[in-house]
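Asker: Quick note on the working numbering: the sequence shown kicks off at 395 and runs consecutively.
Glycine included, C-beta positions come from ideal geometry on N, C-alpha and C.
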Amino acid sequence: MPPVHEAAAQAQPNIALVKYWGKRDAALNLPAVGSISITLDGLWTRTRVRFDERLPQDRFVLDGRADEREAARVSRCLDLLRERAGVRWRADVVSRNNFPTAAGLASSASGFAALVTAAAAALGLPLSETEKSELARRASGSAARSIFGGYVEWAHGRRADGKDSVAQCLRAAADWPLRVVVAITSRAAKEVGSSAGMRRSAETSPYHAAWIAAQEDDLAAARSAIAARDFQRLAEVAEHSCLKMHALALAARPGLIYWNGTTVEALHRIRALRGSGVPVFFTVDAGPQVKAVCEPQAAETVRAALAATPGVLDVIECGLGAGARLIEAAALECAA
Ligand code: DP6
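1. Could you pull out every unbroken alpha helix (DSSP H) segment of at least 4 residues lying fully inside the segment 446-529, listed in chain order?
2. Can you name the start and end residues of the beta strand (DSSP E) that Val696 belongs to?
3. Go ahead and pull the three-state DSSP assignment for Ala730.
4. Excluding sequence positions up to five away, which residues of its chain have a Cβ less than 8 Å from the Cβ of Lys526?
5. Under 7 Å Cβ to Cβ from Asn408, same chain only, skipping five residues before and after it: list those, please.
6. Taking the straight line between their C-alpha atoms, what separation do you get for Arg552 and Lys417?
7. Put Gly715 into one of helix, strand or coil per three-state DSSP.
8. In or out: Ala403 buried (at least 16 other Cβ within 10 Å) or exposed?
9. Please state if the CB of Arg440 and the CB of Ile721 are separated by a distance shorter than 8 Å.
10. Which same chain residues end up closer than 6 Å to Arg453 when comparing Cβ atoms and leaving out the 5 residues on each side of it in sequence?
11. State the Cα-Cα distance for the pair Gly428 and Thr598, rounded to the nearest angstrom.
12. Do you know whose CA, among Asp446, Trp438, Gly715, lies nearest Ser489's CA?
13. Under 8 Å: do the segment 556-573 and the segment 614-627 share three or more Cβ pairs, one atom per stretch?
14. Taking 7 Å as the line, does the beta carbon of Tyr414 fall inside it for any heavy atom of ligand 1?
15. Using CA atoms only, rank isn't needed, just tell me which of Ser559, Asp555, Trp605 is closest to Ala549.
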């Protein structure tokens, strides 16, 4: 066997329409609730993993810079794959995002989905998508969903070992090709990350139990809206889930305010557009960016309305895309 084992993969971020917020097991990263998302197109993480028997330790370079903060999480994720393969080789990991990292665009979702996909191939592990979803979940919950494309559900699961808390595709992107317009309202890294925000919400928010109790109904409503391609019903449940997640976080102690003034202004604009008949709804994650989901014919109107909202720094438009997949390592070298 040669001392070097290498592969590269690409994965795209996803945006939850029915949110994941809260954990039932922090060690295995099992969610307190199931969730439903859409995987994006156009935004990506590309990652090359090179296991080298001679390396003394793992190395992680993100967007051209050694990333010490994330290196430990990357190593823990690789440990799970090394354990399965029965090897101790360290790895050189080079990763690139074509969108701002840590700005509420789910870079950890695409990042760990790409990492698991590349590392499994480099180690020659014949893992199913379901097994990759489970491994990606251990690193970051939302990464379990980016293994798949289109409309994706990540199950809460019942088992204590978490084997059934994995994602699956509900519907292909091409079946219902909605568009997503992301309004960037700040370029600063968020103050309180998702894991810490979830923990604080569970420990101190009076709304935590109510959030969990209602999730099954929201999941059922979203599943049937997706099956029927019913935009209005999906809009209602997605905005409801988003606002509830933020209500829960706002009521934590101290309260988590992920929004800025521009975020709120953009939400009003999107509501006004829908009120005037434009098929669009919003969702916001643990950060200040606003994601507007719309039917394709409305994308231009939505884009123009968000670009004209005072305080919006940039708008990024994308479609719905595929799950994580292997790519030529060369695609990473020449990636823009
Ligand atoms: C608000 O997947 O980043 O985007 O599992 O702790 O890594 P960890 O959390 P992460 O949380 C995402 C939270 C969210 C909602 C969602 O994507 O469902």
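Answerer: According to the data block:
1. Residue ranges of uninterrupted alpha helix (DSSP H) with 4 or more members, entirely inside the segment 446-529 and ordered along the chain, are 462-479, 501-516.
2. Run containing Val696: none in the beta strand (DSSP E); it sits in the alpha helix (DSSP H), 693-701.
3. Residue confidence is low: Ala730 scores 38 on pLDDT, short of 50, so the model does not pin down where it sits. No coordinate-derived value is stated.
4. Excluding its 5 nearest sequence neighbours in each direction, Lys526 has C-beta neighbours in its own chain below 8 Å: Ala507, Val510, Thr511, Ala514, Ile541, Ala718, listed in chain order.
5. Non-local beta-carbon contacts of Asn408 in its own chain, meaning distances under 7 Å to residues more than five positions away in sequence, involve Ser431, Ile432, Thr433, Leu434, Ala500, Ala503, Ser536, Arg539, Ser540, Val546 in chain order.
6. Their Cα atoms are separated by approximately 13 Å.
7. DSSP places Gly715 in coil when its eight states are reduced to three.
8. The residue in question, Ala403, is buried, as its Cβ has 16 or more Cβ neighbours within 10 Å.
9. The criterion of a C-beta distance shorter than 8 Å is satisfied by Ile721 and Arg440.
10. Excluding positions up to five away in sequence, the list reads Asp486.
11. Cα to Cα, Gly428 sits roughly 21 Å from Thr598.
12. Selected option, being the one with the closest Cα: Trp438.
13. With the rule of 3 Cβ pairs closer than 8 Å, the segment 556-573 counts as touching the segment 614-627.
14. Yes, the Cβ of Tyr414 comes within 7 Å of a heavy atom of ligand 1.
15. Closest option to Ala549, judged by alpha-carbon separation, among Ser559, Asp555, Trp605: Ser559.
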